[in-house]
Amino acid sequence: MKQFISLSVALLLLLGCCNVALSADLEGFDEPAVPDSAPSAKSQQADADVFLSDVAPGSIPGQQSAVAGDNAGKPKGGFDLSGIGEKIFNARWSGSRSGKVENLYIEAVAGAVLVVYLLTALIGRRTNRRLGDAWAAEFAVPGGIFDRNFSLLGPGDSSEIMIKESANVCKFYASGRRHCQGLLATLTMKARQDALSVLFNLINPVEDVITVEVYMTEASMPPIVLAVATPKIARAWQRDLKEVERYAKKISVGKDMPLWSSDKLHVLSEHSSIFHDLFSDPKIQQMFNFSGPNAQALKYFRFMLFTSENSEGSYKHVLRFGFALPKPEQMSTIARLMEMVPLFIDVVGSYKLPVDLKKKAIDARTKAAEADEEARRKRLEAVQRKKEQKALDERAKLARMTPEARQKYEDKVREKQMKKQMRSRIKVM
Numbered sequence: 040m041k042q043f044i045s046l047s048v049a050l051l052l053l054l055g056c057c058n059v060a061l062s063a064d065l066e067g068f069d070e071p072a073v074p075d076s077a078p079s080a081k082s083q084q085a086d087a088d089v090f091l092s093d094v095a096p097g098s099i100p101g102q103q104s105a106v107a108g109d110n111a112g113k114p115k116g117g118f119d120l121s122g123i124g125e126k127i128f129n130a131r132w133s134g135s136r137s138g139k140v141e142n143l144y145i146e147a148v149a150g151a152v153l154v155v156y157l158l159t160a161l162i163g164r165r166t167n168r169r170l171g172d173a174w175a176a177e178f179a180v181p182g183g184i185f186d187r188n189f190s191l192l193g194p195g196d197s198s199e200i201m202i203k204e205s206a207n208v209c210k211f212y213a214s215g216r217r218h219c220q221g222l223l224a225t226l227t228m229k230a231r232q233d234a235l236s237v238l239f240n241l242i243n244p245v246e247d248v249i250t251v252e253v254y255m256t257e258a259s260m261p262p263i264v265l266a267v268a269t270p271k272i273a274r275a276w277q278r279d280l281k282e283v284e285r286y287a288k289k290i291s292v293g294k295d296m297p298l299w300s301s302d303k304l305h306v307l308s309e310h311s312s313i314f315h316d317l318f319s320d321p322k323i324q325q326m327f328n329f330s331g332p333n334a335q336a337l338k339y340f341r342f343m344l345f346t347s348e349n350s351e352g353s354y355k356h357v358l359r360f361g362f363a364l365p366k367p368e369q370m371s372t373i374a375r376l377m378e379m380v381p382l383f384i385d386v387v388g389s390y391k392l393p394v395d396l397k398k399k400a401i402d403a404r405t406k407a408a409e410a411d412e413e414a415r416r417k418r419l420e421a422v423q424r425k426k427e428q429k430a431l432d433e434r435a436k437l438a439r440m441t442p443e444a445r446q447k448y449e450d451k452v453r454e455k456q457m458k459k460q461m462r463s464r465i466k467v468m
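Going by my numbering, the sequence shown opens with residue 40, and the numbers climb by one from there.
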């Protein structure tokens, strides 16, 4: 917001300077001055003759009255042409002046917009780079949280730890830890380098976020779906996220967890006992205490999702965490949130689902798979019925045609089939 205001001020100053320059260039235009190479009396007379030959008598406002007044006492058929050439010249000079002013203003505005766009791109890229570097310097350096918990940082084939995908998206990879195959952290920042996105963000504000995805091994991930999120995200997931909509429901946190703020964080789970088993440790409960020492960090907490039925991406067993990003100089504020990642890898990886809950979870997934298969079968049947109906309509259409029209139609269909076969052969080659 501050950057946009500064850019707006710069734009106004630039337009003001352009206005001053234009005023200086057009100084003296208000007075009907005649240039040094003013036309002579003969040239004025020639211009008047051309003008009067093209314009019918009396078509100029006040022409008849002016002529009548000037020719009072003069013989008929005579005209006093003094001053007409000067009027014609001034009219032409005024028209060229207005066109020049309009072109100068258009060029000034276009130049100002270009300067603002370039400044926005430069400042936006620099701000996003500072934000990504601050996160990496706090958590992805030797001795940081990820270095202490993973044996390999970065993609492995490059010296760069942070991978820059675009001006506002950076990614960080880590691997080499029990219970999981690897970790992917994605920093999605505001598109500050795009002036249109900056304007759109004023209407629909977004925030800088980091999403951490941990890809668990199948043996270390029980069949569960558990989500802890802010009320807005929880409602959206119940409506749009497939595994949450199908398996989880909102549960109320019991009195055995008095530090939990149910109005600030909603819990969605297949069964309440799964949540209580995973969050029963007093240290974990203290991490979610909005009135405790982690209150400042919890302002940046957005969600966590533990799912064995991931519907987004190629990995099925995933732990997903989402946090907002503070300013670069305050990046250490979310250190307690980043510590949740390795903590819950061990908590979920070592969790054993009770036998009865595991049986219920397996039965629910079996029913869901059967429902998906039934829905798929119905879709295929609907497509087949549509094809059969189309074939019947085509045969009825051919029966109503004359022999000549039927032959023409069959030739057209045969030509289409040949073109289709030719395209398929080209693709195979």
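Heads up, the beta-carbon is just placed ideally off N, CA and C, and yes, glycines get one too.
**Prompt:** Using the rule of at least 16 other Cβ atoms within 10 Å of the residue's Cβ for burial, across every protein chain shown, is Asn349 buried or exposed?
**Reply:** By the Cβ neighbour-count rule, Asn349 is buried, with 16 or more other Cβ atoms within 10 Å of its own.
**Asked** On the three-pair Cβ rule with 8 Å, is the region 299 to 314 touching the region 276 to 287?
**Response** Judged by Cβ distances under 8 Å, the region 299 to 314 makes contact with the region 276 to 287, as three or more pairs qualify.
**Asked** So what's Ala95 in DSSP terms, helix, strand or just coil?
**Response** Interpretation of Ala95 is limited by its pLDDT of 44, a score under 50 that renders its predicted location unreliable; no figure is taken from the coordinates.
**Request:** Could you say if the region 362 to 380 and the region 336 to 345 meet the contact criterion of at least three C-beta pairs nearer than 8 Å?
**Result:** Output reads yes: the region 336 to 345 touches the region 362 to 380.
**Request:** Give the DSSP bridge partners of Lys288, in chain order.
**Result:** Residue pairing by DSSP places Lys288 opposite Ser308 in a beta bridge.
**Residue range of the unbroken beta strand (DSSP E) whose run includes Val180** = Note, Val180: premise wrong, no beta strand (DSSP E); not H, not E.
**Message:** Within 10 Å of its beta-carbon, does Asp302 have 16 or more other beta-carbons around it, so buried, or fewer, so exposed?
**Reply:** It counts as exposed.
**Request:** Mind reading off the beta-carbon distance from Tyr212 to Leu317? Whole number of angstroms is fine, and I expect it under 8 Å.
**Result:** Cβ-Cβ separation between Tyr212 and Leu317: approximately 26 Å, too far for a contact (criterion under 8 Å).
**Request:** In the DSSP assignment, find the unbroken alpha helix (DSSP H) run with Ala258 in it and report its ends.
**Result:** From DSSP, Ala258 is part of no alpha helix (DSSP H); its letter is neither H nor E.
**Prompt:** Just how far apart, CA to CA, sit Thr159 and Ile202?
**Reply:** Those two C-alpha atoms are separated by around 23 Å.
**Proximal residues to Glu246 (C-beta, below 6 Å), its chain only, five neighbours per side dropped** = Taken in chain order, the residues that qualify are Ala363.
**Message:** So for Glu246, helix, strand or coil by DSSP?
**Reply:** In the structure shown, Glu246 adopts coil according to DSSP, grouped into three states.
**Prompt:** DSSP three-state call for Gln446: helix, strand or coil?
**Reply:** Here Gln446 carries a helix assignment [DSSP, helix/strand/coil].
**Request:** Please report the residue range of the beta strand (DSSP E) in which Arg341 lies.
**Result:** 340 to 346 is the extent of the beta strand (DSSP E) around Arg341.
**Request:** Report the partner residues of Val208 according to the DSSP bridge assignment.
**Result:** According to DSSP, Val208 bridges with Ser205, Thr227.
**Request:** State whether the region 391 to 404 contacts the region 257 to 267, with contact taken as three or more CB pairs (one from each stretch) at a distance under 8 Å.
**Result:** Taking 8 Å as the limit for Cβ pairs, the verdict is that the region 257 to 267 does touch the region 391 to 404.
**Prompt:** For Gly361, which residues does DSSP report across the bridge?
**Reply:** Here Gly361 is bridged, per DSSP, to Thr250, Phe342.
**Request:** With a cut-off of 8 Å on the beta carbons, I'd call Thr269 and Thr250 a contact; round off their distance for me.
**Result:** Not confirmed; about 14 Å, so no contact.
**Message:** To test your reading of the DSSP string, which unbroken alpha helix (DSSP H) runs of 4 or more residues are found completely within the region 371 to 459?
**Reply:** Qualifying alpha helix (DSSP H) stretches, in chain order: 374 to 377, 379 to 388, 394 to 438.
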